[in-house]
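One gets our numbering by counting positions in the sequence shown from 1 and adding 634 to each. Here is the structure we will look at.
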Amino acid sequence: MDLGLGFDDSDFERKEKITAGTKTSYNAKVCNPLWFETEGEVDPDKYTLQLKYSADYHFHQGNYETAAMKYEQLLELIPMSNMPMRQDVQESLCRSYTKLGRHKDSTDIAFTMVEQMRREDDARQRQSLLLLSQACKAAQDWTGCICALEELASRQSQYAPFWLELGRAYLHCFKDRGDSLQHLPQIVTCFVRARILLASVLHTVGKVAREKSETIICKIDAELQELDASQKVIDQAKEATRSDIEYTAPADDEEDSASANKTQVFNSDAFRKRWFSWTDKLDKT
C-alpha cells in the first residue's frame, strides 16, 4: 500500500524567484573620512568615542600637542570603573608626553600606572612596567628604567629582549656613575643570557623571525666586544647562564609571576642575588 511518503521532483524546486542585480539593504553604516574631525553638534553619547578617534589620529600624524590635549580631556570623561579604556588613554598620553619631551610628566604617569596595575592581572602589570621602562629610557632615568626591567625580567626570565634592554640600561647607569668596570660581569650576564635565549629558538621560528633574531645576535656580539670584557668573564657567564636555563623551565616563570601577583612586592637585591651570584666566584685579582 502506498502511504504517500515519497518525494516528487517538485518538492525540491525553489519557489521564489531572485532577480539578478537586485540590491538589498544590510543597514550598513557609512562613515565619511575623518568623520571624527567634523565640527558641529555632536551626539553626547558618541562624544567620548569621537574624541578618542581624534586623539589617536593626531598622535599618528605627529601632532603630539593636540593629541595630548585630547587625551587629557578623555581622562576627565572616562569613569574610573572603565579601567581598560583608562589604561589605553593613559598609555597614549604618556607616549605623547614622551614625544613632546615632557619626560617628568610621562614618567609620573608611568609610575602611577604601575601602582594602579598592582591590583590588576599579570598582563596589565607587565604592560605598565614596559611603559615605565620606555618612558624612563627616553628620559635617561636609568635607575627607574632598571627597576622596571629587573621586575620584567624576573617575571619572564626566558624573554630575551628584557635581558638585552636591562644590560644596556645597566651600562648607561654604571657609566654615568663611573663604576662600569666594577659591574662589568653583571652587564655581560644580561647580554650573554639574551644571546643564548635568542639562539636557542632559531630552529623553531620562521625565516623572517630567524633573520631578525640573527641580526640582534650580531648586535649583541658587537656590544660584548665594545665592553672590553675578558674572554674568561664571557665564558664563565655563558657557562652559568646555560646551566641556569637548563634548570629553569617556562613553568617556573608562571609560578614566579603568580607569586608576584599575590605578594605584589619586588626586591631588587633578591633579583641580583638570583641572577648574578655567579660573579661572586670570579677571581678578583
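Heads up, the beta-carbon is just placed ideally off N, CA and C, and yes, glycines get one too.
Just the Cα atoms here: how many angstroms apart are Met-751 and Gln-759?
If you draw a straight line from the Cα of Met-751 to the Cα of Gln-759, it comes to about 5 Å.
task: Grab me the residues of Trp-669's own chain with a C-beta within less than 6 Å of its C-beta, minus the 5 sequence neighbours each way, in chain order.
output: Nothing listed; no residue qualifies.
* Where does Ser-791 fall in DSSP's three states? -> Reduced to three states, the DSSP call for Ser-791 is coil.
Cβ shell of Leu-831 (< 8 Å), same chain only, five flanking positions each side left out: So the list reads Gln-792, Tyr-793, Ala-794, Trp-797 and Ile-879, once near-sequence residues are dropped.
*For Glu-754, the first and last residue of its enclosing alpha helix (DSSP H)*: Here Glu-754 belongs to no alpha helix (DSSP H), and DSSP marks it neither H nor E.
- Put Arg-663 into one of helix, strand or coil per three-state DSSP. According to the sequence shown, residue 663 is Lys rather than Arg. It is coil, neither helix nor strand.
Using a 10 Å radius around the Cβ and a threshold of 16 neighbouring Cβ atoms, would you call Met-714 buried or exposed?
So Met-714 ends up on the exposed side.
* Less than 8 Å separating the beta-carbons of Ile-851 and Ala-871? -> No, the Cβ-Cβ distance between Ile-851 and Ala-871 is not below 8 Å.
Trp-912 - DSSP class collapsed to helix/strand/coil: Under the three-state reduction of DSSP output, Trp-912 falls in the helix class.
Which of helix, strand or coil DSSP assigns to Ile-712:
DSSP, reduced to helix, strand and coil, places Ile-712 outside both helices and strands of the structure shown, so it counts as coil.
- Taking only the alpha-carbon atoms, compute the straight-line gap between Ile-712 and Glu-785 and give it to the nearest angstrom. Rounded to the nearest angstrom, the two C-alpha atoms are 30 Å apart.
>> Relative to the C-alpha of Ser-767, which candidate in Glu-754, Leu-734, Arg-753 and Cys-728 has its C-alpha closest?
In response: Here the closest residue by C-alpha is Cys-728.
Selected residue, minimal CA-CA separation from Tyr-687, among Ala-701, Lys-853, Asp-755 and Thr-777: Measuring from the Cα of Tyr-687, the nearest candidate turns out to be Ala-701.
Q. Quick one: Cα of Pro-819 to Cα of Gln-859, how far?
A. Cα to Cα, the separation comes out at about 13 Å.
Suppose you measure from the CA of Asp-742 to the CA of Gln-707; what does that come to, to the nearest Å? Just so you know, the alpha carbons of Asp-742 and Gln-707 end up roughly 18 Å apart.
Outcome for Leu-800 when other beta-carbon atoms lying within 10 angstroms are tallied against a minimum of 16: It counts as buried.
CA nearest to the CA of Ala-904, picked from His-806, Ala-787, Asp-677 and Ala-773: Selection His-806, Ala-787, Asp-677 and Ala-773 evaluated against Ala-904 yields Ala-787 as nearest (Cα-Cα).
**Study point:** Coarse secondary structure for Arg-829, derived from DSSP in three states
**Key:** Arg-829 falls in the helix class under three-state DSSP.
For Trp-776 versus Ala-803, is the C-beta distance shorter than 8 Å? Yes. Within cutoff.
Keeping to the same chain, check which residues put their C-beta closer than 6 Å to that of Met-719; ignore five residues upstream and five downstream. The residues are Ile-712.
Leu-836 versus Asp-862: straight-line alpha-carbon distance, rounded: Between Leu-836 and Asp-862, the C-alpha separation is close to 27 Å.
What would DSSP say about Thr-897, mapped onto helix, strand or coil? With a pLDDT of only 46 at Thr-897, under 50, the local geometry of the prediction cannot be trusted, and the value read off the model is given with reservation. In the displayed model, Thr-897 falls within a helix according to three-state DSSP.
- Thinking C-alpha only, which one of Thr-672, Glu-673, Thr-732 and Glu-671 is nearest Glu-920? In the structure displayed, the chain extends from 635 to 919; residue 920 sits before or after that span and is not available.
Distance check for Ala-773 and Leu-685, CA to CA, integer angstroms please.
The alpha-carbon atoms of Leu-685 and Ala-773 are separated by roughly 28 Å.
- Query: So, Ile-854 versus Ala-828, is the Cβ gap smaller than 8 Å?
  - Reply: Yes, these two residues count as a Cβ contact at 8 Å.
Do Gln-724 and Met-747 count as a contact pair if the criterion is CB distance below 8 Å? Going by C-beta atoms, Met-747 is nearer than 8 Å to Gln-724.
Ignore the nearest five residues each way along the sequence and tell me which others in Lys-896's own chain have a CB closer than 7 Å to its CB.
The predicted model places Lys-896 with a pLDDT of 48, which falls under 50 and marks its position as unreliable, so this point remains unresolved.
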